[in-house]
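According to my numbering, the sequence shown holds residues 32 to 135 in order.
Virtual Cβ for every residue (Gly too), placed ideally from N, Cα, C.
Being a predicted model, the structure only gives us computed values, none of them experimental.
Note sheet for the following structure.
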Amino acid sequence: MKTAKGQWIMRLFIAIHLPKNKEGAGKIREEDQERFEYGIDPDDFEAEDNFEYIKVNGFITVYQVLDITRITTSQGANVALGRLINSGVVQKVRQGRHFIYQLK
């Protein structure tokens, strides 16, 4: 059975991050729950600190995405940021000759 890209990624993300003990079975960690509430796809920012970076600073740039993620090209960073824009988490704002991506 085929599923949409986000659905199988979300299932994989939940399966990997759920606790293995019986007490925590079926519970999602608080930081993961916050990402689900914002509608962030786990493959947009793979490391746990990346979304925290945006929350602390209020914005992020393409080059900062390249520095803090395993994304290696600016095109890949633009795709990841585009997904965040489409999900309504960030907005693209022009600052001089450059663009930054701010939390909404």
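If distances are taken between C-alpha atoms only, which option among Phe90, Asn117 and Glu83 comes closest to glutamine 126?
Phe90
Quick check on the DSSP output: the beta strand (DSSP E) that includes isoleucine 102 runs from which residue to which?
From DSSP, isoleucine 102 is part of no beta strand (DSSP E); its letter is neither H nor E.
Apart from the five residues just before and just after alanine 108, which ones in its own chain have a Cβ nearer than 7 Å to its Cβ?
Val93, Val96, Leu97 and Ile102
Suppose you measure from the CA of glutamine 122 to the CA of isoleucine 116; what does that come to, to the nearest Å?
6 Å
According to the Cβ coordinates, are valine 124 and lysine 135 closer than 8 Å?
For valine 124 and lysine 135, no; Cβs fall outside 8 Å.
Report the rounded CA-to-CA distance for arginine 114 versus arginine 128, giving the unit in angstroms.
About 22 Å.
Helix, strand or coil for arginine 128 per DSSP?
coil
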